[in-house]
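Just below is one structure, and these are the notes that go with it.
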Amino acid sequence: MGWPELELAISAGMICASIGFAIGLAIGRGRQPRWAERGSFVHKVSIGYATLERLDAVLLRFEVEPESKLAGAEVDELRLPPGSAISLITRGGEVMVPDPHTVLRFGDQVLAVASRDQVGAVEDRLRLVSRYGRLAGWYAGMEANSAAAFGVSRSA
0 MGWPELELAI
10 SAGMICASIG
20 FAIGLAIGRG
30 RQPRWAERGS
40 FVHKVSIGYA
50 TLERLDAVLL
60 RFEVEPESKL
70 AGAEVDELRL
80 PPGSAISLIT
90 RGGEVMVPDP
100 HTVLRFGDQV
110 LAVASRDQVG
120 AVEDRLRLVS
130 RYGRLAGWYA
140 GMEANSAAAF
150 GVSRSA
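Take a look at the structure:
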């Protein structure tokens with residue numbers, strides 16, 4: 000099996016897993032015993048996860064909270080690390096597979112998939128964007144002197 004076939008098989012598997020996972024969330028309201036809650040609303044992002052053993056991947060779930068700056072960001076603007084992607088969004092009872100230009104809204108339930116070794120980086124990135132918005136990478140990477148030059152406080 001070549002790379003294109005492998006990528007197609009993984010993509011199809013992820014979509015099927017995401018849909019099944021969303022159905023499980025709808026039925027169990029996200030309180031399945033296999034869930035482990037992490038972060039308990041750190042910067043308005045509560046992230047749960049479940050492993051996808053055969054794929055050596057993890058499915059992460061989060062909700063776009065009212066004070067989160069994730070709202071208004073396009074999926075592509077999240078700039079998730081390689082080996083991860085937003086795979087499914089449920090909004091007002093509607094389930095959608097997002098494209099790079101899908102805009103996140105308050106109340107969205109979002110499923111992301113990540114390779115096991117990228118879970119921490121994905122969580123960190125989501126928390127940064129939730130706190131600082133689309134310019135999270137720029138703001139977080141600013142030197143202290145640069146922040147002062149722009150009149151920005153780094154103590155947040």
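Using numbering that gives the first Met the number 0, read the sequence shown as starting at 0 and increasing by one per residue.
Just so you know, even glycine gets a beta-carbon here, dropped at the ideal spot from N, CA and C.
What you are looking at is a predicted structure, and each value in this text was computed from that prediction instead of being measured.
- Comparing alpha-carbon positions, the option among 70, 109, 123 lying closest to residue 87 turns out to be 109.
- Residue 129 has its alpha-carbon roughly 5 Å from the corresponding atom of residue 67.
- Looking only at 112, 63, 81, the smallest Cα-Cα distance to residue 73 is reached by 63.
- Between residue 70 and residue 104, the gap from beta carbon to beta carbon is short of 8 Å.
- Here the alpha carbon of residue 102 sits roughly 13 Å from the alpha carbon of residue 132.
- Within the DSSP secondary-structure output, residue 61 pairs in a beta bridge with 109.
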